Amino acid sequence: MNWDEKTRKTQAEQLNRRFSDVVASALRPPPKLTVSQWADQYRYLSSESSAEAGKWSTSRAEYQRGMMDAVTDPAIETVVLMTAAQIGKTELINNVIGFHIAQNPCPALVVQPTLEMAQTWAKDRLAPCIRDTPALRNVISDPKSRDSGNTVLHKSFKGGHVTACGANSPSSLASRPCRLILCDEVDRYPVSAGAEGDPVALARRRAATFWNRKIVLVSTPTTKGASRIEAAYEESDQRKYFVKCPDCTEYQHLKWSQVQWEKDLPGTAHYVCEHCGSCWNDAARYRAIRYGEWRATSTGDGKTAGFHLNALYSPWATLEDGVRDFIASKGDPMRLRTWVNTFLGETFEEIDQAAGVDEHDLMARAHNWGEMLPEDVVAITIGVDVQDAYLAYEVVGWAPGEKSYSLAYETIFGDPSTKQLWNDLAIALGKTWAHPIAGDMVPRGIAIDTGGHYTQQTYEFVKQQTGKRIFAIKGVGGDGRPIVSRPSRNNIGRINLFSVGVNTCKELVYARLKIEADGPGYCHFPADRDAEYYRMLTAERRVTKYYKGRPKLEWVKVRTRNEALDCRVYAIAALAIVNINLDALYKNMQNIVHNPNATNRRKTKISPRRNFVTGYA
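The numbering of the sequence shown is my numbering, which starts it at 89 and goes up by one.
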């Protein structure tokens, strides 16, 4: 063999080896990674969906590692995440999806509470995630391409697809099979998807034919006894995140009961070790969390990994913030519910706030305060209830901390279909109230119910009283609704109509009636108020009813008449609409008393908060 032949043979062998390497590389499966490993290596956060845009780092919130990696554990079929808000749930879901697109392709379904929320998630969260992560962008076809097969709610890729849908859409829940099911905010799903049944059960059926199926249920919990996520967590191995005390080195999971602070001083908040009593500031708490570990606290069914996490673990929350929100929620059932759900990551146990409120006890504490208003009253609102043969209204004086004084409760008899009754109401509402410092006071806001049999007449009355801060309202049932919502003009009167969360208001009324010491939230009543008023004020109770097997607490009347309760609810709604800063008004009034010789007796200007009146009138 001559030199040229040897050279050609050597070159051919080299080419064969290179070709073999290329083929082997192309056929070689990607390295086996967990979800967290894939995210740390490939994932990028988008600026429009994260305050910390750029390369993903699981160590930023170390507790997410165990939650994500449970999805790649072959022994686990279902992963349950019952958590507080703002601990990174959405990005965690995106990491699970990204991992399956790039590493383990399969058909996947993401279920949001509604179709609208699914569209928002797909546009604002998933699309930027794909765009800014090269490992995903190179796999998903450009939706603008003619043959990409991609839409906002459906992304195709080799070996699978990701489809987003709403739990309120039975058709999308019952279509093609999927190996990966991610159900987000399951506690906000409707009881039934149309007439098809539980949305979570429908979604689970989509994965029934896959031996290696994965179901991920995620939610901030809501109401005890009606929470899907809590029920799923209780069937799991109930994992909690344990951290080590920097002083005694004993492990513990973080509990709100260990947070302590000086009275009314959130800035003094610290965490107390349950073993040695050492105090941790936020920095010490963050360090402990970085080196924590998940531990199962139950056996469960062997196939479900459940994770519970409160906001004490969040690197984006301080103890001071948590304490401040807790203090602000005391005495306000709606705010307390929100805090328990979103900070503690726990269900809120509904209780009958009306239980324990006794008409005779309220009568016994009534007293006189004289002809003038009490000095601490800084604002007045009125609630008006429209009945078939009369109008009832209550005048309520408000002091700092929303302490209240029932200044008057009156009934005006007449036919609501005639102008005379409304003229009489206009005269009654125009009364002024003498204050020892402020002089004559007029109502800051008047709320009148439009939900009875005389809606059109009520609309006309409100129109005629333009400029007098008389607001048309309509009660709306359902738990967790705000006291008032933004007004709508989509009504036959073409006026601003405010929706009032009556359940929330009633909870607030009864919670405050239970307060026995004078102070924030306490309710004062005049000594000359008759017994019928108190019977009407305490005329409702909460009872448990079942709808399609799910418990629900509802307000029901235990007496025929409840106008006094309705009027108080509407007076509270009026206060919420005008959004008065009671504490600032009181401070301003006291400045006048203690500085009578101030130049021109100038009052401190209190700028109105942006609200439904200043922003939308």
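The beta carbon of each residue, even a glycine, is placed where N, CA and C say it ideally should be.
Model, not experiment: these values are computed from the prediction.
Element boundaries [beta strand (DSSP E), containing residue i]
i                 : result
serine 492        : 491-501
lysine 328        : 327-332
lysine 302        : 302-307
lysine 562        : 558-564
valine 227        : Note, valine 227: premise wrong, no beta strand (DSSP E); not H, not E.
phenylalanine 245 : 242-245
glycine 589       : 585-589
leucine 169       : 166-171
Which of helix, strand or coil DSSP assigns to residue i
i                 : result
methionine 529    : strand
tryptophan 126    : helix
arginine 383      : strand
methionine 205    : helix
glycine 388       : coil
valine 644        : strand
histidine 448     : helix
tryptophan 521    : strand
threonine 310     : coil
serine 280        : coil
methionine 460    : coil
cysteine 364      : coil
serine 576        : strand
glutamine 348     : strand
phenylalanine 431 : helix
glycine 393       : What sits at residue 393 in the sequence shown is alanine, not glycine. It is a strand residue.
cysteine 611      : strand
glutamate 437     : coil
isoleucine 571    : coil
glutamate 595     : helix
arginine 453      : coil
arginine 629      : strand
alanine 163       : coil
proline 265       : coil
proline 193       : coil
lysine 211        : helix
Bridge partners - residue i, DSSP secondary structure assignment
i              : result
threonine 356  : None, per the DSSP bridge assignment.
tyrosine 481   : Val472 and Glu498
tryptophan 486 : Ala467 and Ser492
aspartate 537  : Ile561
valine 198     : Ala252 and Leu270
leucine 653    : In the DSSP output, where bridge partners are listed per residue, leucine 653 has none listed.
lysine 143     : Tyr132
Opening and closing residue of the alpha helix (DSSP H) in which residue i lies
i                 : result
aspartate 413     : 407-417
glutamine 545     : 543-552
histidine 682     : 670-682
histidine 341     : That residue, histidine 341, is in no alpha helix (DSSP H); its beta strand (DSSP E) goes 339-341.
leucine 625       : 619-625
leucine 400       : Looking at the DSSP string, leucine 400 is not in any alpha helix (DSSP H), and its letter there is neither H nor E.
phenylalanine 187 : 177-190
leucine 261       : 258-261
glutamine 152     : 151-157
glutamate 318     : 316-322
aspartate 616     : No alpha helix (DSSP H) contains aspartate 616, which DSSP labels as neither H nor E.
cysteine 217      : 215-220
arginine 373      : 370-378
proline 504       : Note, proline 504: premise wrong, no alpha helix (DSSP H); not H, not E.
arginine 293      : 287-293
Distance cut-off 8 Å: residue i Cβ against heavy atoms of the ligand FMN
i            : result
tyrosine 321 : For the ligand FMN, the structure offers nothing, since it holds no ligand at all.
Distance between beta carbons of residue j and residue i, contact taken as under 8 Å
i              : j              : result
leucine 596    : alanine 467    : Not really, about 17 Å apart at Cβ, beyond 8 Å.
threonine 122  : lysine 391     : The pair is not a contact, with the Cβ atoms about 19 Å apart (cut-off 8 Å).
proline 195    : arginine 301   : Not a contact, Cβ separation roughly 11 Å.
leucine 342    : asparagine 398 : 7 Å
isoleucine 317 : valine 168     : 7 Å
threonine 520  : alanine 659    : No, threonine 520 and alanine 659 are not in contact; Cβ-Cβ is about 17 Å, not under 8 Å.
Please confirm if the segment 347-356 is in contact with the segment 319-329, defined as three or more CB-CB distances below 8 Å between the two stretches.
The segment 347-356 is not in contact with the segment 319-329.
The segment 160-167 contacting the segment 132-141, beta-carbon criterion three pairs below 8 Å
no
Does the segment 542-558 come into contact with the segment 480-493, if we say contact requires no fewer than three beta-carbon pairs (one atom in each stretch) closer than 8 Å?
no
contact_flag[the segment 291-298, the segment 325-344] where n(CB pairs < 8 Å) is 3 or more:
no
Within the chosen definition, does the segment 605-624 reach the segment 493-504 through at least 3 CB pairs nearer than 8 Å?
yes
Below 8 Å, can you find three or more Cβ-Cβ pairs linking the segment 461-468 to the segment 519-528?
yes
Is it a yes or a no for the segment 200-213 touching the segment 271-289, going by three-plus beta-carbon pairs under 8 Å?
With three or more CB-CB distances shorter than 8 Å, the segment 200-213 counts as touching the segment 271-289.
Looking at C-beta atoms only, is the number of pairs between the segment 583-591 and the segment 675-685 that lie closer than 8 Å three or more?
no
At a cut of 8 Å, does the segment 396-403 reach the segment 371-381 through at least three beta carbon pairs?
yes
Per the contact definition of three or more C-beta pairs closer than 8 Å, is the segment 569-578 in contact with the segment 660-675?
yes
Three CB pairs or more closer than 8 Å across the segment 175-189 and the segment 236-254:
yes
Using 8 Å as the Cβ pair cut-off and three pairs as the minimum, do the segment 530-541 and the segment 469-477 touch?
Enough Cβ pairs lie closer than 8 Å, so yes.
Is the segment 218-229 touching the segment 145-161 in the sense that three or more CB pairs, one from each, lie closer than 8 Å?
no
Does the contact criterion of 3 or more C-beta pairs under 8 Å hold for the segment 329-345 versus the segment 168-180?
no
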